[in-house]
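Taking it in order: structure first as structure tokens, then the write-up.
Numbering (my numbering), first residue to last: 84 to 349.
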């Protein structure tokens with residue numbers, strides 16, 4: 084029975100992925116800061132809950148080593164993270180450092196724990212939930228976008244390091260997703276209309292954002308398709324926006340997006 088290790092499994096995409104992989108017959112090691120409060124996943128026979136705060140390096144080592152001692156892990160899904168949305172002058176130094184500790188350093192330290200395991204078995208998949216913000220820069224996203232681009236850089240570099248060992252490395256790229264994704268700082272001051280226009284762009288004509296179940300399905304496909312692909316937009320809306328950016332390139336896209344967000348003020 085294949086096994087996946089998931090960080091940030093208490094909600095959103097991580098939780099949906101844990102449920103789906105369990106339904107598909109996988110052993111799921113679902114990690115979260117407070118597993119004692121988890122009921123639904125705990126009731127599933129092939130789901131194993133472990134405590135993991137990705138800002139705690141000692142706990143990262145303990146939890147990952149326990150999982151590796153008890154399971155032959157096939158897939159690592161680095162999913163834990165949260166966001167900040169604010170003009171760059173707004174977040175405090177502490178808020179910036181806390182986000183990077185979680186989204187960047189945490190995913191790097193977890194991944195380090197699994198690299199020797201995957202190299203030894205010469206198989207497996209390392210996946211990281213990045214963001215469309217790792218590909219396309221958005222206003223009020225300087226901190227979160229920078230963190231996600233750092234994750235994206237890790238993925239792309241690690242791809243080359245792990246490929247000689249038969250290990251796949253892939254980025255799961257969500258756009259707007261209908262979850263309880265945490266944004267403890269969401270400041271639109273001075274950018275109120277631009278923020279509304281940006282939301283319209285990300286909705287791409289839809290009434291609401293895609294749910295985490297669609298993202299979970301893409302994650303499952305990425306874990307099982309055997310394809311040599313790095314970036315997987317995790318829903319159909321994100322895929323269209325990602326394709327538009329790829330087609331236009333940075334210089335053309337920046338002019339298009341600026342007009343869309345800042346000149347369309349109606």
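Cβ atoms here follow ideal geometry from the backbone N, Cα and C, with glycine treated the same way.
Continuous alpha helix (DSSP H) stretch holding residue 172: start and end: For this step, residue 172 is matched to residue 89 along the chain shown. Going by DSSP, residue 172 is part of no alpha helix (DSSP H) at all; its letter is neither H nor E.
Rounded C-alpha distance that separates residue 294 from residue 101: The sequence position of residue 294 within the chain shown is 211, counting from 1. The sequence position of residue 101 within the chain shown is 18, counting from 1. For residue 294 and residue 101, the distance between alpha carbons rounds to 15 Å.
Residue 222 classed as buried or exposed, judged by whether at least 16 other C-beta atoms fall within 10 angstroms: For this step, residue 222 is matched to residue 139 along the chain shown. That one is buried.
Beta carbon of residue 87 nearer than 9 Å to that of residue 193: Here the question's residue 87 lines up with position 4 in the chain shown. Here the question's residue 193 lines up with position 110 in the chain shown. Going by C-beta atoms, residue 87 is not nearer than 9 Å to residue 193.
Candidates 250, 251, 244, 255: closest to residue 232 by CA position: Here residue 232 corresponds to residue number 149 of the chain shown, with the count starting at 1. The candidate whose alpha carbon is nearest that of residue 232 is 255.
Burial state of residue 246 (16 or more Cβ within 10 Å): Locating residue 246 in the chain shown gives position 163, where the first residue counts as 1. Of the other Cβ atoms in all chains shown, fewer than 16 fall within 10 Å of the Cβ of residue 246; this residue is therefore exposed.
Counterpart residues of residue 111 in DSSP-defined beta bridges: Translated into the one-based positions of the chain shown, residue 111 becomes position 28. For residue 111, the pairing in a beta bridge is given by DSSP as 87, 130.
Closest by C-alpha distance to residue 267, when choosing among 98, 110, 107, 175: Counting from 1 along the chain shown, the entry for residue 267 is found at position 184. Measuring C-alpha to C-alpha distances from residue 267 to each of 98, 110, 107, 175 identifies 175 as the nearest.
The region 89-97 / the region 156-171 touching (three or more Cβ pairs under 8 Å): Short answer: they touch.
Chain-order list of residues whose beta-carbon lies under 6 Å from that of residue 349 (same chain, five-residue window excluded): Numbered from 1 along the chain shown, position 266 holds the residue referred to as residue 349. Low local confidence applies: a pLDDT of 47 at residue 349 is under 50, so the model's placement there is unreliable, and no value is given.
Residue 295: first and last residue of the uninterrupted alpha helix (DSSP H) it sits in: Stepping through the chain shown from its first residue, residue 295 is reached at position 212. Here the alpha helix (DSSP H) through residue 295 covers 295-307.
Under 9 Å between C-beta atoms of residue 341 and residue 215: Residue mapping note: residue 341 aligns to position 258 of the chain shown, counting from 1. Residue mapping note: residue 215 aligns to position 132 of the chain shown, counting from 1. No; because the gap between Cβ atoms is not below 9 Å, this pair is not in contact.
Residue from 229, 219, 240, 276 whose Cα sits closest to the Cα of residue 335: The sequence position of residue 335 within the chain shown is 252, counting from 1. If we check each option's Cα against that of residue 335, 219 comes out closest.
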